[in-house]
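Engineer: In this note's numbering, the protein residues as written are 435 to 768.
Have a look at this one before I ask anything.
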């Protein structure tokens, strides 16, 4: 989605935090059915298949601004959104012939959701996603914003490598999407949402999702227009908070729209043991389908049943590893 503003920069973080599971939840490994069989769900969630995951620990909440600040202070790490933008790196990731944007736009920043005019349709995401120079985890809406009163909110504008760097420092890692879905199901044999099968209404306070008419009217009945403090809503049965809504969460797997089909090519009845994802990316909805992407899960405060309903347990999509947005964060596992 932001192929026109891509940076690829590897960062090595040498400092490390001490192992700690006090803020984590134990997830007992099991065999479960992954994916969706519903006709109206996206094809990239199909076919359903059996997966086995081993025991693991998962952060009870999404990583907060306060936690990420500790990491940055300890290591001096600079996130992707704070680094210089290099056109030569961008050019490799966009369709041939794409014109170079003006230098005035090739400045450090990130994509920020900006409420469009009333009556805006949902057929073009460019109507509400704007590149904001100076937007990053410290300044979620741009230079005139800060996180002083949002230290217990999930950190946002986090690219994949930013999440990986934190996880390495914390002696943790990003979850596989199989681990993530297992944790979201919270022991259930099947469930459409992390809390069960009840479809949320605009009057519910069950998760931080869009209330009103997407994308131009948010009633804020739950009190939140954007991110909410972690633990604002009830956890699932495992004690995990915000497994639906608030912010999307990075997983370690590469994204392929046909990943589940590939898993079952050799044996449709196989139980896949601890899958770690495909070795290449493929997204037919991307201008460059082979662009490297990683899976994100859980949906965000922008999700609504009338648009994406991506707070469903099986919902998945891919983002380029340098993507940082105002509704994209992460949590870790061990």
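Quick reminder that beta carbons are idealized off the backbone N, C-alpha and C, glycines included.
Keep in mind the model is a prediction, meaning the values are calculated, not measured.
Locate the alpha helix (DSSP H) running through residue 460, then write down its first and last residues.
Structural biologist: Element bounds for residue 460: not the alpha helix (DSSP H) but the beta strand (DSSP E), 458 to 461.
Engineer: Contact defined as beta carbons within less than 8 Å: I believe residue 612 pairs with residue 674. What is the distance between those atoms, to the nearest angstrom?
Structural biologist: Contact flag wrong, Cβ pair sits at about 16 Å.
Engineer: Using only CA atoms, which one of 768, 604, 662 and 684 lies nearest to residue 509?
Structural biologist: Checking every option, the nearest Cα to that of residue 509 belongs to 604.
Engineer: Hey, out of 664, 498 and 750, whose CA is closest to residue 592's CA?
Structural biologist: When only C-alpha atoms are compared, the closest one is 498.
Engineer: Which word fits residue 580, buried or exposed, when buried means at least 16 other C-beta atoms lie within 10 angstroms of its C-beta?
Structural biologist: It is exposed - the Cβ of residue 580 has fewer than 16 other Cβ atoms within 10 Å.
Engineer: Can residue 661 and residue 680 be called in contact, C-beta distance under 9 Å?
Structural biologist: In contact: residue 661 and residue 680 (Cβ atoms closer than 9 Å).
Engineer: Can you find the residues in the same chain that come closer than 7 Å, C-beta to C-beta, to residue 516, ignoring five residues on each side of it along the sequence?
Structural biologist: Same-chain partners within the cutoff: 542 and 570.
Engineer: Just checking, does the segment 753 to 764 make contact with the segment 626 to 641 on the three C-beta pairs under 8 Å criterion?
Structural biologist: Short answer: they don't touch.
Engineer: In terms of alpha-carbon separation, which member of 689, 731 and 713 lies closest to residue 719?
Structural biologist: Measuring from the Cα of residue 719, the nearest candidate turns out to be 689.
Engineer: What residue does the beta strand (DSSP E) around residue 545 start on, and which one ends it?
Structural biologist: Taken as a continuous stretch (DSSP letters only), the beta strand (DSSP E) holding residue 545 covers 543 to 547.
Engineer: At which residues does the beta strand (DSSP E) containing residue 685 begin and terminate?
Structural biologist: Per DSSP, residue 685 belongs to the beta strand (DSSP E) from 682 to 688.
Engineer: Alpha carbons only, please: which of 747, 755, 725 and 521 is nearest the one belonging to residue 731?
Structural biologist: It is 747.
Engineer: Does DSSP classify residue 491 as helix, strand or coil?
Structural biologist: The answer is strand: DSSP assigns residue 491 an E or B state.
Engineer: Distance check for residue 637 and residue 786, CA to CA, integer angstroms please.
Structural biologist: One cannot answer for residue 786 here, as it falls past the ends of the chain, which runs 435 to 768.
Engineer: Report the rounded CA-to-CA distance for residue 649 versus residue 555, giving the unit in angstroms.
Structural biologist: So the two alpha carbons sit approximately 8 Å from each other.
Engineer: By alpha-carbon positions, which one of 684, 587 and 664 ends up nearest to residue 598?
Structural biologist: Taking only the C-alpha atoms, the option nearest residue 598 is 684.
Engineer: Since residue 463 contacts residue 480 with CB under 8 Å, what's their CB separation in whole angstroms?
Structural biologist: Not quite, the Cβ-Cβ distance comes to about 24 Å (not below 8 Å), so this is no contact.
Engineer: What is the residue span of the beta strand (DSSP E) that residue 467 lies within?
Structural biologist: 464 to 468 is the extent of the beta strand (DSSP E) around residue 467.
Engineer: Short of 7 Å in beta carbon distance, which residues of its chain neighbour residue 442, apart from the five on each side in sequence? Order them along the chain.
Structural biologist: The predicted position of residue 442 is uncertain, since its pLDDT is 29 and thus under 50; a value taken from the coordinates is nonetheless stated next. Excluding residues within five positions, the ones whose Cβ falls inside 7 Å are 523 and 756.
Engineer: Could you tell me the boundaries of the beta strand (DSSP E) in which residue 606 lies?
Structural biologist: From DSSP, residue 606 is part of no beta strand (DSSP E); its letter is neither H nor E.
Engineer: Hey, out of 669, 476, 583 and 750, whose CA is closest to residue 494's CA?
Structural biologist: Closest option to residue 494, Cα to Cα, is 669.
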